Each structure stands twice: as structure tokens, then as C-alpha cells.
Amino acid sequence: MDFTAILGAWIAVGLTLFILSFLYRDNPLFKIAENLYIGIAIGYIFSITIYNVWIPKIYQPVSNRVFTSLSNWVPWVSKFVTPAGDAGSLTPLFPAIIGISLLTRIFPKISWISRYGFAFIVGYGAGLAIPATVATMFIAQIEGTIQPVFKLASGGAIDLSGPALWTSFSAILLCLGVIVTLFYFFFSLEHGKISKKVTKIGIYFLMVYFGAAFGTTVMGRFALLYGRFFDLYTYRTSGYYHATPILILLVLIFFFVYFGKSRKTSP
Amino acid sequence: MNLNAAAEILFLDEFSAADMPYDAGEEALLKWKTSPLDSAQATYQVFASTMQTGGWIKVDEFSADKKFASDIKLPFWAWKARKDLHAVAIPLETHFGKLEKNKEYFFKIISIKGRQKFESEIVSTQVKRNWFNFARLNNLVFVLVIFGIFIWTVSHAKRKGLFIRRIAGLDAIDEAIGRATEMGRPIYYITGIGSMSSISTIASTFILGEVAGKVAQYDSYVKVPHYNPIVMTVCKEVVRQAYLQAGRPDSYREDMNFFVSSDQFSYAASVDGMITREKPAACFLIGHFMAESLLLAEVGATVGAIQIAGTDSEHQLPFFFTTCDYTLIGEELYAAGAYLSKEPMLLSTLRLQDYGKFFVIVAVVIGIALMTLSVQYKWDLTDKILENIFKTY
């Protein structure tokens, strides 16, 4: 087997065990995995930002534009530099300047510049969020709830077949659920005897939903756990030089030594 | 010039091309009048090119009894849903890649019926980005009405005050901070993994201001680990301002807010480690959360911290219910800033939210009644109006 595959298996098993060791208690192995994880994540995001954002979206269009303009004014420039891609544009400079302005916070004397950048980002964020929220959390919810209570059969009479009645029941239940749940979230209304009962039904609806969501998500998480265990199971074989059993043994030995020592030193 | 003038031939009457209205300059719209000869046996083939003389690409093909102006998904106030007009939206980017500004695109249609083939004249158009999406007029009207009611509720709240019902999770904030002060342990305030464009993150920064103000008063200590650097900087300003308002600028420290990681699970792993080692007396998990919610809340519960959570990510709420002492559900989170500050301006937003909910209830009840009646009595127009008003385009 390829050496890199074996090395990858040992690293994967090791880090999985280090992270899982947190289930017992905090320990140096978990700290190693934790710091490694953060370091790798930051490095990865940094490189993604450089290669997927800065270079293609800012550097290339701006440099292309600059070199193209320069070539028009000073023809010999084109002998040395050939811009890759189209003629480019200076427009990306605007968001780039806003982004760079945030870095001025490092220097207290000019940190006020960053406020313009933040004002733009917060204002832009709110401006983007408000219409999207009105559309998706207000209008779309009403749209989804408004359904006819019954349907007509082919003859023009009300359809009383089993599936049609079930659809009618669902529509009524949905409408009732929406109304009583919304009622729970009335803040400026004092809850009297009747409204308290309505609110309670609203809470039941919420709890049924949360229970269903909990079950679904837990199933999803178990799928992830099975994935990890499957890897541990796969890497136990001689092809991977028994990575799983050897590393489990080493982690256990470390635990006995480390926690045995700390038990002796603790008063 | 129309080349297809024979009587039994599907010729294209008033064939025209135009920019697709209200879009971001991605589509061209082709229109022509329907013909009595339109049937399932006849076919229209649509061709597009960047040149008038050649390079034709087939961009669509459909039977002649399909694709009318009434099939274009635009509301009645922005589009005439005619049945006597064929209308086809051509997504140019799909066929020609990135579109150039002021570029002319050419179109022709070949109609086929049996063995006969007839080619239309060539028409052309440019596509452009539209400043206004008239189809979203309903959104604008809703926003303006909301704004109008907001102005009214603000003036009403200033004059007469507003009643706000008790929200248990928010009343517990004092208890949590008091406990941390007594135990001499820090408070962790986690804003989640949302950006500043997330409503729950904006609500979370409001609550952080109130929490930080109380922390400053009690002379306790708050730590705010961040996932998003922009949110971190906004939170720094919020906490600094809270300490200033509480009259304790000397107690404020820059490292109260600190960046951890922009990767979801490494952020969770790191914050879990910090919580385990520092054993905070209280944890606030307020903002936008995804799969890391349980990882964070579980560890907080393990170290015995009093935990107050709040999010509008409904899939994460069950996890907070099981691990936290108090949980703010969706709307309660939005209400928290106003509830804690008691400012008339913010309180009036709660009244506004209630009006919004009341409107939804009324709209749903009336809408369902009208829809049901329209099914029974075949009120197609009512059906269509309702469908268009409560639709996001």
C-alpha cells in the first residue's frame, strides 16, 4: 500500500482518538488535536481566501486593467507583461479598500478609518437581511399556509375520498398550528385565562416539532459517528499496520501514566 | 420579413425579442402570437446566436401548444398573463457564458409540422440589468406598511408606554451574572457562527450590550470567543460602549472579545476546551448556531454552568432545550434586546412584531376561507390574486 495512505490512516486514527479522549476528561492529547485543528483550519481558510478570493477576484482584474491601460500609454510595457484573461476592471478596488480599512484597527491612531468599513458592512448586512426576511419569513410562510380546506372531485362535488380527507385534515391542522404557535409569541398581550390555554396548545405544537427535529438530527449525528467508527474499523487491518489497535493501546497507556501521575501529585 | 406565409404553415406573427423585464440581465424574452394551427403535433425550435449570419445554437424546443405568456411566473401587477401569446425566456448565460455589456443577441425560430419546416425572421435584442424588480412590489408594500406602523408604535410607546409579558430566559440573566460574580468565575458569551447579515447575530449583539453592562456593574468578567472577525469587531465596540455607560471604562479589556477560528468544528473544539479548563459560572449561547450547538451546550452543562441559550435556528433549539437552563425560542431572541433595555424605541418593535403576527393570523384565516370558496365556486381570479400577493419572487 502507498506510504501516504498508511500515514494518512495513522494520522486519521490518532486524531480521532485524541478528540474522542475528551469524552473521558480534558487531557494533553485532546489539546494537541484541538490546537492542530485550529491551526490547520485557519491556514486552510487563509489559503482559500488568497487563492479563491484575492487573486481571482481582486488581484487579477485590477492588475489586468492596470497593465492594459499602461500598455496603451507606454507600448513597450506589453513586451514584458502580458495580462492573463480579459481587460480587467478597477471596480474590485472599492470592496478591497473597505476590507483593508478594517485592518487599520491594528494601529490605534488611524483605527477610526475602520468605522467606515464596519458601517458599510453592518448597513449592507441589515439592508440585505430585511427584504430577505420579509420575503422568506413573512410572505413565504403565509403562502405556504394558505391552502384550500377541501378539493373538488372530477364530478364537481367535494372530494370525500380517504387521501382528500387526509389532505383536508393536514390543511386544518397546519392552519391551527400556525395560529396557536404565533399566539405564544405575542409579547405585548397579557395572557388571560383563554389566551393561556391557546398558548399552551401552541407550546405543544412547538414541542412536537422540536421532538421530531431532535430525532432527525440525532440520526444524522449517528451517521457521522458511524463514519468515524467505520474508518477506525477499516484502519485496523495489517494493510495499515494495525493503526487502530496500536494507537488505542498507546492512548490507554498514556492515560494510565498521565492520570496515575496527576492522581499521585494532587493533594 | 416573414418567409412563411402559406395558409397551412405555422408562421410566427409579431415575433419579437426583448430584454426580460425585472431580472439581473441574464435572460432574453421572445414573444409571438399564437396561431390556430398550434397543436401538440407541431414544434417550435428556438435558436440563438451572437452573430446575425451564423453560429446558431438551439436553446429551446417545445410543442406548439405550450409556453404562453401566462406561464411566465410574474405577478399580475407586473405582467399580462395572456394566453394568445407565446413567450419564452432564454437564459443566455447558460448558452453563451459570461454576458458582455451592450452586446446584441440574435434569435430565430423554426416551426416544424410534419415534414414542413419554416424559419422565422431574425430578431435581436440586448439584455441589461434592471434597477427595479417590479415583481417584488408586494415586498416593498409590506416593508413600507411595517415601517409606517413602526413609526406609529414608537410615538405610541413614548406617550403611553407598552406592556411586555415576562420572558423567563431573560429574567434569568441577572441571576446568571450574579452567580458568576459570587463564584468569581468568568461568563462565556457565544454569539454563534452567523455573520453580521444574520438577524439573530444582530439580536445577539444587542443582548451582549445589556449583558456586558450588567457584568460591568457587578464587576464580573465576560469572555466572548468569536467565529467571525467582523462580528468580533462589532462586539468589541458594543462591550466597550456598555462598560462606558456603566461607568466602568477602567474594567474594560480589549481581550474580552477574541477570535478563535472561522471553521465551525475547530471553533467548537477550542471553545469546549476553554470552557472545560476555565469552568465558567454562566454561558450565554445566543445567536445563529448550527451543528456545533450541542457540542458547546453539552460541555457547558458538564462543567455546571448556568446556561441561557437563544437562537432562531429551529433545528438547534431541541439541543438547547435538553442542555440549557433557559432557552429563547426564535422571536423571543429578537425581543430580548428591547425587553432588557426597556427603551420605548425598541419596545415598540415588539408591538410591531405582534401586529405582524396578528396580520399573519388574519391573512391565513381569510386566505384559507377564500381559497376554499374559490375551489367551490371556481373564483379563479381570487385564487390568482391571493397566490400573487403572498408569493416571493
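Protein chains in written order, with numbering that gives the first Met the number 0: chain A, 0 to 266; chain B, 0 to 392. Here a beta-carbon is modelled for each residue, glycine too, at the ideal position from N, C-alpha and C. These figures come from a predicted structure and were not determined experimentally.
Residue-level contact to chain B via CB, residue i, 8 Å cutoff
i                      : result
residue 37 of chain A  : yes
residue 60 of chain A  : no
residue 230 of chain A : no
residue 129 of chain A : yes
residue 151 of chain A : yes
residue 124 of chain A : yes
residue 2 of chain A   : no
residue 117 of chain A : yes
residue 190 of chain A : yes
residue 258 of chain A : no
residue 30 of chain A  : yes
residue 121 of chain A : yes
residue 247 of chain A : no
residue 41 of chain A  : yes
residue 163 of chain A : no
Proximity test, Cβ basis, 8 Å: residue i and chain A
i                      : result
residue 195 of chain B : yes
residue 19 of chain B  : no
residue 269 of chain B : yes
residue 155 of chain B : no
residue 137 of chain B : yes
residue 262 of chain B : yes
residue 370 of chain B : yes
residue 123 of chain B : no
residue 363 of chain B : yes
residue 334 of chain B : yes
residue 150 of chain B : no
residue 367 of chain B : yes
residue 385 of chain B : yes
residue 3 of chain B   : In this predicted model, residue 3 of chain B has a pLDDT of only 46, less than 50, meaning its place in the structure is not dependable; the value taken from the coordinates is given anyway. Judged by the 8 Å Cβ criterion, residue 3 of chain B is not in contact with chain A.
Beta-carbon proximity of residue i to residue j, cut-off 8 Å
i                      : j                      : result
residue 234 of chain B : residue 204 of chain B : yes
residue 246 of chain B : residue 285 of chain B : no
residue 208 of chain B : residue 156 of chain B : no
residue 324 of chain B : residue 306 of chain B : yes
residue 102 of chain B : residue 49 of chain B  : yes
residue 297 of chain B : residue 266 of chain B : no
residue 90 of chain B  : residue 25 of chain B  : yes
residue 63 of chain B  : residue 38 of chain B  : yes
residue 246 of chain A : residue 65 of chain A  : no
residue 95 of chain A  : residue 391 of chain B : no
residue 226 of chain B : residue 210 of chain B : no
residue 238 of chain B : residue 255 of chain B : yes
residue 190 of chain A : residue 164 of chain B : yes
residue 52 of chain A  : residue 89 of chain A  : no
residue 136 of chain B : residue 78 of chain B  : no
residue 91 of chain A  : residue 374 of chain B : no
Rounded Cβ spacing between residue i and residue j (contact assumed at less than 8 Å)
i                      : j                      : result
residue 105 of chain B : residue 121 of chain B : 5 Å
residue 123 of chain B : residue 16 of chain B  : 6 Å
residue 44 of chain A  : residue 261 of chain B : 5 Å
residue 194 of chain B : residue 166 of chain B : Not confirmed; about 26 Å, so no contact.
residue 41 of chain B  : residue 111 of chain B : 7 Å
residue 198 of chain B : residue 338 of chain B : The Cβ separation is near 16 Å, so there is no contact.
Per-residue contacts from residue i into chain D (C-beta, under 7 Å)
i                      : result
residue 187 of chain A : Any reference to chain D falls outside this structure, whose protein chains are A and B.
Chain A contact residues for residue i, given Cβ-Cβ distances below 7 Å
i                      : result
residue 276 of chain B : 25
residue 322 of chain B : Those within 7 Å of residue 322 of chain B in chain A number zero; the least Cβ separation is about 12 Å.
residue 356 of chain B : 181, 184 and 185
residue 330 of chain B : 184
Under 9 Å from the C-beta of residue i: neighbouring residues of chain A
i                      : result
residue 360 of chain B : 177, 178, 181 and 182
residue 190 of chain B : Those within 9 Å of residue 190 of chain B in chain A number zero; the least Cβ separation is about 14 Å.
residue 289 of chain B : Those within 9 Å of residue 289 of chain B in chain A number zero; the least Cβ separation is about 10 Å.
Partner residues on chain A for residue i, Cβ-Cβ distance less than 8 Å
i                      : result
residue 391 of chain B : 134, 135, 138, 139 and 142
residue 374 of chain B : 147, 149, 150 and 151
residue 141 of chain B : 133, 137 and 138
residue 38 of chain B  : What residue 38 of chain B touches in chain A: nothing, since even the nearest Cβ is about 25 Å away.
residue 340 of chain B : Within 8 Å Cβ-Cβ: nothing; residue 340 of chain B doesn't reach chain A, min ~14 Å.
Residues that residue i contacts on chain B, provided the C-beta gap is smaller than 9 Å
i                      : result
residue 216 of chain A : 290, 293, 314, 315, 317 and 318
Where residue i meets chain B, residues with beta-carbon distance less than 7 Å
i                      : result
residue 195 of chain A : Per Cβ cutoff of 7 Å: no residues; residue 195 of chain A is ~11 Å from chain B at best.
residue 209 of chain A : 316, 317 and 320
residue 79 of chain A  : Those within 7 Å of residue 79 of chain A in chain B number zero; the least Cβ separation is about 28 Å.
residue 212 of chain A : 313, 314 and 317
Neighbouring residues, chain B, relative to residue i (Cβ below 8 Å)
i                      : result
residue 221 of chain A : Simply none; closest approach about 13 Å.
Next on the checklist: Under 8 Å, CB to CB, which of the residues in the region 132-147 of chain A have a partner in chain B?
Outcome noted: Those residues of the region 132-147 of chain A that come within reach of chain B (Cβ to Cβ, closer than 8 Å) are 132, 133, 134, 135, 137, 138, 139, 140, 141, 142, 144, 145, 146 and 147.
Checklist entry - Taking a cut of 9 Å between CB atoms, which residues from the region 198-232 of chain B lie near chain A? => result Listed by position, the residues of the region 198-232 of chain B near chain A (Cβ gap below 9 Å) are 198, 200, 201, 228, 229 and 232.
Checklist entry - For the region 83-108 of chain A, which residues have a CB atom closer than 8 Å to at least one CB atom of chain B, in sequence order? => result With the criterion set as a beta carbon lying under 8 Å from some beta carbon of chain B, the members of the region 83-108 of chain A are 101 and 104, in sequence order.
Checklist entry - Looking at chain B, which residues of the region 44-55 of chain A have a Cβ within less than 7 Å of any of its Cβ atoms? => result Within the region 44-55 of chain A, the qualifying residues are 44.
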